[in-house]
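Quick note: the sequence shown uses the numbering used here, first residue 429, plus one each step.
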Amino acid sequence: MTVESTTAPERRLAPRLAAIWHREWLIVALLILLAAAVRVWLSSAARVVWGDEPFYLWLGRNWLTGQGYSFTGYSDVHHAPLYPLLTGLFYLLTHDMALSSRLCYILFGAALGLPIYAIARELYDRRAGVIALLLLAFYPALTAGVLYWGTLTEPPYYFFIYTGLYAALLALRQKWAPWSYLAAGMCFALAYLTRPEAIAHLLIIGAVLAFIPLLERRLFTRRALVGLALYGLGFALFFFPYAYYTFQHTGSWMVSEKAGVTFITCIGLSSGDTAAFDLATWGLDGTGLEVFFFSRESYNVSMLDYILAFPAEFAQLVYRNVITFFTSLVSLRLFPFFLLPFVTLALWREAWSKERAKGELLLLASLLPVAGFLIFFIQDRYIATLLPTLILWLAVGLRDVGDWLAETWRNLRQRGLAPWWRATLLALPVAAALVICLALLPRTLANVTSSGSFRQAHRTVGEWLGKGLAAPETVIMSRYPALAFHAGAKWVPTPNAEWQDILPYARHKGVDLFIVDERETTELRPQLDFLVRLENLPPELEVLRVDESEPERLVVFRVKE
């Protein structure tokens with residue numbers, strides 16, 4: 429563009445835009461702060477702490493306050509320790525478990541932009557990185573969805589996974605080697621200590637780190653072998669202490685104690701039979717004094733034995749999960765179908781160089797670990813790990829469409845474009861994508877807060893109990909841990925059993941209060957429906973409150989001595 433083709437204000441504007449653009453750290457910092465601000469706003473509502481999240485928060489508080497890594501009375505081996513450690517450290521500062529979880533959501537959710545920007549800058553360019561940061565700041569599934577999926581382990585998990593991918597990308601490009609190998613292994617180990625399925629990332633990305641040197645005929649060089657050894661060492665440094673802890677309490681060396689029990693309990697879920705899932709998870713074990721999920725009987729459940737015994741049923745399970753995987757992924761909840769053309773454009777608009785091919789192979793490989801859930805059960809939160817990769821490609825596609833718009837408009841005008849006009853055309857596709865993200869936010873919030881286990885009444889009743897009836901040592905028995913969490917009390921799960929079998933269990937656990945949810949008796953445990961209807965109540969129970977603030981009734985009982 430010539431000087432003559434611009435006005436005086438435009439000539440003054442161009443250097444200012446260039447000066448801002450060259451302050452890379454400032455742009456990244458501002459976009460990270462924007463992502464944090466969005467998460468502060470979303471998490472400012474009165475949120476129900478539900479699902480598995482209370483387990484992690486109780487573990488972190490108890491662990492960091494000297495009560496042991498437990499919330500059930502014995503050492504926990506079901507839940508990976510890093511998220512409890514992080515929230516426990518924040519709890520020491522805040523003395524508020526819900527706030528500790530919120531801080532992790534905000535900080536790690538915003539920090540995910542750092543490795544994503546770094547990958548985009550290394551593999552594509554700065555513009556793609558900036559666009560990816562903007563998308564991450566508002567992307568519904570990674571902002572509103574994560575907040576209400578019921579664990580909040582996702583933000584640190586994604587951060588460590590994608591920081592590991594960035595380190596692996598540097599290793600492939602022989603930058604910072606061999607330390608990039610070590611960093612990648614350590615990041616995947618930290619991800620594993622957040623959620624054990626990260627072991628799949630370690631193995632698959634490790635295979636890529638070996639495959640590329642093999643193609644380049646340098647796998648057996650000292651540099652490559654030392655790098656791969658450091659990759660394994662970085663993982664082992666964090667893996668083996670926890671593996672040894674698990675061995676001490678289960679008697680077996682294993683990558684994940686949860687694999688077998690998760691497989692067995694999720695068979696019902698994969699076919700839509702939530703009642704079967706509930707019975708498999710919360711039914712009583714052989715002693716009658718513990719639910720199966722927390723029982724030592726669940727420690728060494730063999731997934732392989734089941735598959736070998738029922739191969740046809742296993743094949744049907746995988747088939748159902750494949751269908752659910754694609755319908756869940758390509759949806760308004762996760763990645764809308766109308767964004768797929770931008771991904772296609774990003775990947776195949778131009779031929780790859782050798783260096784880009786390495787990076788794209790790494791990103792393609794990062795999609796594969798979620799396939800492990802095909803043998804368990806598909807939920808949005810399980811497969812959303814691949815969303816940041818898709819967002820990277822979406823950013824590149826939006827960048828390319830912006831370039832096309834600017835160049836096409838310039839060619840049609842047959843003269844240069846003013847800087848502000850060119851910037852507008854370049855930003856137009858990105859602005860459209862951000863409008864879509866903002867438009868989908870309310871829909872996402874409505875979707876994730878209409879889950880069968882999510883109820884605002886659980887917080888309402890819990891807080892009511894916490895104001896007088898429940899103390900920190902009070903034991904509340906309920907199917908939903910949110911009730912005990914918001915009451916500030918101890919929790920034991922209600923078994924899926926008949927009342928005459930539940931009572932000895934409750935006596936053994938020292939239960940003080942018992943809460944029954946009409947939703948649970950309608951959908952999962954019809955044998956307990958008489959308790960909600962207050963018909964022929966056992967003499968051991970005294971009604972304290974009947975909450976009808978929502979369509980399904982909640983009944984609070986005192987368990988008499």
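Think of the CB as a built atom: it goes at the ideal place given N, C-alpha and C, for glycine as much as any other residue.
Keep in mind the model is a prediction, meaning the values are calculated, not measured.
Residue range of the unbroken alpha helix (DSSP H) whose run includes residue i
| i | result |
| --- | --- |
| Phe804 | Neither: Phe804 is in no alpha helix (DSSP H) and is coded neither H nor E. |
| Val983 | First-last for Val983: Leu982 to Val987, but that is the beta strand (DSSP E), not the alpha helix (DSSP H). |
| Asp706 | Thr702 to Trp710 |
| Leu840 | Leu815 to Arg841 |
| Val960 | Asp957 to Val960 |
| Arg601 | Unbroken run through Arg601: none, as it is neither H nor E. |
| Lys895 | First-last for Lys895: undefined, no H or E at that position. |
| Leu790 | Lys782 to Ala793 |
| Asp733 | Met731 to Ala737 |
| Asp929 | Trp927 to Lys937 |
| Leu521 | Leu510 to Thr522 |
| Gly634 | Ile627 to Leu643 |
Limits of the beta strand (DSSP E) - the one that residue i falls within
| i | result |
| --- | --- |
| Pro847 | Element bounds for Pro847: not the beta strand (DSSP E) but the alpha helix (DSSP H), Pro847 to Val876. |
| Arg973 | Leu969 to Asp975 |
| Pro921 | Lys918 to Pro921 |
Beta-carbon proximity of residue i to residue j, cut-off 7 Å
| i | j | result |
| --- | --- | --- |
| Val505 | Thr678 | yes |
| Val824 | Gly573 | no |
| Val476 | Ala898 | no |
| Ile534 | Val468 | yes |
| Val636 | Ala774 | no |
| Val939 | Val983 | no |
| Phe763 | Leu818 | yes |
| Pro543 | Thr591 | yes |
| Ser528 | Phe518 | yes |
| Leu795 | Leu814 | yes |
| Trp486 | Gly516 | no |
| Leu790 | Leu643 | no |
| Glu926 | Gln955 | yes |
| Leu749 | Leu822 | Going by the sequence as given, residue 749 is Asn instead of Leu. No, the Cβ-Cβ distance between Asn749 and Leu822 is not below 7 Å. |
Three-state secondary structure assigned by DSSP to residue i
| i | result |
| --- | --- |
| Phe648 | coil |
| Leu610 | helix |
| Met905 | strand |
| Phe942 | strand |
| Met429 | Confidence is the limiting factor: at Met429 the pLDDT is only 36, short of 50, which leaves the residue's position unreliable, though a coordinate-based value still follows. Residue state, collapsed to three classes: coil. |
| Leu540 | coil |
| Trp398 | Because the chain is modelled from 429 through 989, residue 398 falls outside the range shown and cannot be assessed. |
| Arg440 | Here Arg440 scores only 49 on pLDDT, less than 50, and its place in the model should not be relied on; the value that follows carries that caveat. Three-state DSSP puts Arg440 in a helix. |
| Val683 | coil |
| Val477 | coil |
| Val505 | coil |
| Val758 | coil |
Between the CA atoms of residue j and residue i - distance to the nearest angstrom
| i | j | result |
| --- | --- | --- |
| Phe765 | Leu959 | 46 Å |
| Leu540 | Ile460 | 9 Å |
| Glu970 | Arg961 | 14 Å |
| Leu873 | Trp478 | 15 Å |
| Ser756 | Tyr673 | 36 Å |
| Pro979 | Val558 | 46 Å |
| Thr922 | Leu513 | 27 Å |
| Gly894 | Glu901 | 11 Å |
| Glu951 | Asn924 | 12 Å |
| Met525 | Ala912 | 13 Å |
| Asp945 | Arg530 | 27 Å |
| Lys993 | Phe666 | For residue 993 there is no data in the structure shown, the boundaries of the chain being 429 and 989. |
| Ala465 | Arg838 | 37 Å |
| Gly787 | Tyr594 | 10 Å |
| Cys694 | Arg973 | 34 Å |
| Leu563 | Pro847 | 24 Å |
| His886 | Ile930 | 22 Å |
| Leu845 | Phe753 | 45 Å |
Residue environment, residue i, which counts as buried when at least 16 other CB atoms sit within 10 Å
| i | result |
| --- | --- |
| Pro739 | exposed |
| Leu707 | buried |
| Tyr933 | buried |
| Ser730 | exposed |
| Asp553 | exposed |
| Arg871 | exposed |
| Arg843 | exposed |
| Glu976 | exposed |
| His523 | exposed |
| Ile806 | buried |
| Phe720 | buried |
| His507 | buried |
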